[in-house]
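A quick write-up on the structure given underneath.
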Amino acid sequence: MKNLLIAVAALVALGLLYLLAAPTPVDPVVWTPSPSRGYEGDFEANDALASAELIPLGGPHGPEDAAAKAENGTLFLYASSQDGEILKINPQTKEITVFAKTGGVPLGVEFDAGGNLIVADAYRGLLSIAPDGTVTTLTDAVDGAPIVYADDLDFGPDGVIYFSDASTKFGAEAVGSTLDASVLEIIEHGRTGRLLAYDPRSKTTSVVAEGFSFSNGVAIAPDGMSVLMNETGEYRVLRVFVDGPRKGEAEEVIAGLPGFPDNINRGPDLADGTPTFFLGLAGPRLPVVDNLAGNPFARKIVSRLPKFLQPAPVRYGFVMQFTDDGRVVRTWQDPAGGYPVTTGAIAPGDGYLYVTSLEAHDLARLPFP
217 MKNLLIAVAA LVALGLLYLL AAPTPVDPVV WTPSPSRGYE GDFEANDALA SAELIPLGGP
277 HGPEDAAAKA ENGTLFLYAS SQDGEILKIN PQTKEITVFA KTGGVPLGVE FDAGGNLIVA
337 DAYRGLLSIA PDGTVTTLTD AVDGAPIVYA DDLDFGPDGV IYFSDASTKF GAEAVGSTLD
397 ASVLEIIEHG RTGRLLAYDP RSKTTSVVAE GFSFSNGVAI APDGMSVLMN ETGEYRVLRV
457 FVDGPRKGEA EEVIAGLPGF PDNINRGPDL ADGTPTFFLG LAGPRLPVVD NLAGNPFARK
517 IVSRLPKFLQ PAPVRYGFVM QFTDDGRVVR TWQDPAGGYP VTTGAIAPGD GYLYVTSLEA
577 HDLARLPFP
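Read in my numbering, the sequence shown has 412 at position 196, and its numbers run on one by one without any break.
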């Protein structure tokens with residue numbers, strides 16, 4: 217019995233030593249979370265998303281984003297996946313084909329004026345996929361340094377492609393997955409995210425703004441002088457100026473979100489002509505993340521925990537429509553999280569709102585408007 221107690225004590229001591237002193241890639245900093253607006257008021261809980269129809273993807277998972285394109289009178293959806301495939305979906309017949317394989321992990325997708333699908337690939341950078349499925353790398357570096365977590369994109373009025381680089385320290389491929397890298401970036405809170413610009417005419421890449429806690433969804437604002445960008449680690453939507461005298465500056469559009477914002481996509485105009493956007497919350501805030509914001513040492517310990525003990529997204533479906541001045545128009549929610557880790561939505565004009573996900577094996581849709 218004595219030997220057993222000694223062995224147990226030794227194991228406990230080793231475990232404590234590991235939690236206190238083992239090497240960890242994160243070097244947390246103090247930060248102050250914004251007060252959450254909670255699931256009330258504009259964000260009052262509902263179950264509108266719970267009735268979503270699911271379009272099975274046939275194996276691939278994680279349709280992070282989708283873009284629509286009409287071909288010979290038929291509307292097709294092109295969805296990214298965590299498996300590296302771009303899926304071509306006929307929403308009428310629900311037929312799924314593989315349009316292209318990027319060799320990485322495609323996230324944000326948008327069609328350019330020439331019909332090419334532009335992709336922010338977390339492993340490979342900014343890509344262009346021709347209508348025949350040929351994949352070309354537009355850029356994978358800026359100022360001599362690699363782009364290690366390209367996330368989402370949109371086009372300026374002059375064709376410049378604005379895209380987020382979610383973290384310059386925790387590359388998605390190096391860490392092993394997009395989700396794991398995002399967790400490390402948010403635990404550390406080192407604000408290494410940035411907004412980049414790629415000019416197709418000069419084939420040059422530049423840094424527009426930096427210092428963000430996991431820069432994420434990107435959508436051009438109506439003025440063409442700024443983009444709306446999610447700062448996931450700060451629970452907010454920012455306006456980042458990309459042209460004019462305020463270029464490189466950022467201001468809040470929506471703060472205090474009750475969860476982690478992911479993608480932003482342009483939506484339809486309201487009846488009075490006001491432009492709108494769709495935004496997804498990947499999950500509710502995690503109390504441990506906010507409660508330890510002022511305790512870097514404790515967050516280091518958290519980073520050393522086995523993966524299954526570290527903070528993980530809570531299943532809660534949430535998509536919202538809002539205007540560029542921060543007015544919330546509508547939300548679709550599912551507190552039970554039947555459709556998990558909602559990233560965003562698009563409304564291509566066929567009578568449906570298509571909802572995307574980081575983990576689901578389906579694409580969800582609801583009647584819209």
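Glycine residues also receive a C-beta, built at the ideal position from the N, C-alpha and C atoms.
Alpha carbon to alpha carbon, what distance is there between residue j and residue i?
| i | j | result |
| --- | --- | --- |
| residue 243 | residue 511 | 11 Å |
| residue 254 | residue 433 | 21 Å |
| residue 233 | residue 531 | For residue 233, the pLDDT reaches just 41, beneath the cut-off of 50, and the residue's location in the model is therefore unreliable, leaving the point undetermined. |
| residue 575 | residue 273 | 12 Å |
| residue 362 | residue 384 | 8 Å |
| residue 520 | residue 246 | 18 Å |
| residue 465 | residue 309 | 46 Å |
| residue 371 | residue 304 | 22 Å |
| residue 228 | residue 517 | A caution first: residue 228 carries a pLDDT of 46, below 50, which makes its placement in the model too unreliable to give a value. |
| residue 462 | residue 578 | 41 Å |
| residue 480 | residue 436 | 10 Å |
| residue 478 | residue 289 | 32 Å |
| residue 542 | residue 491 | 11 Å |
| residue 470 | residue 447 | 10 Å |
| residue 419 | residue 486 | 36 Å |
| residue 425 | residue 445 | 11 Å |
| residue 397 | residue 356 | 18 Å |
| residue 427 | residue 411 | 9 Å |
| residue 515 | residue 278 | 28 Å |
| residue 582 | residue 349 | 29 Å |
| residue 586 | residue 507 | Here the chain has residues from 217 to 585 only, and residue 586 is not among them. |
| residue 393 | residue 297 | 13 Å |
| residue 460 | residue 409 | 22 Å |
| residue 522 | residue 344 | 38 Å |
| residue 269 | residue 546 | 19 Å |
Per DSSP, what are the beta-bridge partners of residue i in this structure?
| i | result |
| --- | --- |
| residue 475 | 500 |
| residue 337 | 322, 341 |
| residue 465 | BP columns for residue 465 are empty, so no partner. |
| residue 366 | 381 |
| residue 305 | 293, 312 |
| residue 358 | 361 |
| residue 447 | 431, 452 |
| residue 287 | 290 |
| residue 536 | 495, 547 |
| residue 578 | 272 |
| residue 280 | The partner list for residue 280 (beta bridge, DSSP) is empty, contrary to what the question assumes. |
Do residue j and residue i count as a contact pair if the criterion is CB distance below 7 Å?
| i | j | result |
| --- | --- | --- |
| residue 316 | residue 332 | no |
| residue 338 | residue 549 | no |
| residue 563 | residue 571 | no |
| residue 336 | residue 323 | yes |
| residue 483 | residue 537 | yes |
| residue 387 | residue 351 | no |
| residue 276 | residue 299 | yes |
| residue 474 | residue 505 | no |
| residue 341 | residue 366 | yes |
| residue 265 | residue 533 | yes |
| residue 472 | residue 250 | yes |
| residue 558 | residue 535 | yes |
| residue 540 | residue 373 | no |
Can you have a look at residue i and say buried or exposed, based on whether 16 or more other CB atoms are within 10 angstroms of its CB?
| i | result |
| --- | --- |
| residue 567 | exposed |
| residue 417 | exposed |
| residue 280 | buried |
| residue 379 | buried |
| residue 263 | exposed |
| residue 421 | buried |
| residue 529 | buried |
| residue 224 | Low confidence applies here, because residue 224 scores a pLDDT of 47, under 50, leaving its location unreliable; read the following figure in that light. Classification of residue 224: exposed, given that the 10 Å Cβ count is below 16. |
| residue 231 | Residue placement at residue 231 is flagged as unreliable, the pLDDT there being 46, under the threshold of 50; a coordinate-derived value is accordingly withheld. |
| residue 513 | exposed |
| residue 326 | buried |
| residue 368 | buried |
| residue 256 | exposed |
| residue 565 | exposed |
| residue 226 | Because residue 226 carries a pLDDT of 45, less than 50, the predicted location of this residue cannot be relied on, and no value is offered for it. |
Under the assumption that residue i contacts residue j (Cβ atoms under 8 Å), give the Cβ distance between them as a whole number of angstroms.
| i | j | result |
| --- | --- | --- |
| residue 551 | residue 573 | Wrong, their Cβ atoms sit about 16 Å apart, outside the cutoff. |
| residue 467 | residue 455 | 5 Å |
| residue 494 | residue 560 | 6 Å |
| residue 476 | residue 497 | 6 Å |
| residue 390 | residue 430 | Contact doesn't hold; Cβ gap of about 16 Å is too wide. |
| residue 440 | residue 402 | Not a contact, Cβ separation roughly 31 Å. |
| residue 252 | residue 501 | 6 Å |
| residue 302 | residue 318 | 7 Å |
| residue 359 | residue 423 | 7 Å |
| residue 284 | residue 291 | 6 Å |
| residue 376 | residue 415 | 5 Å |
| residue 271 | residue 307 | 7 Å |
Taking 6 Å as the line, does the beta carbon of residue i fall inside it for any heavy atom of the ligand MN?
| i | result |
| --- | --- |
| residue 471 | Questions concerning the ligand MN fall outside what the structure shown contains, since it holds no ligand whatsoever. |
Tell me, please, whether the CB atom of residue i is closer than 7 Å to any CB atom in chain C?
| i | result |
| --- | --- |
| residue 534 | The chain inventory of the structure shown lacks chain C, comprising one protein chain alone. |
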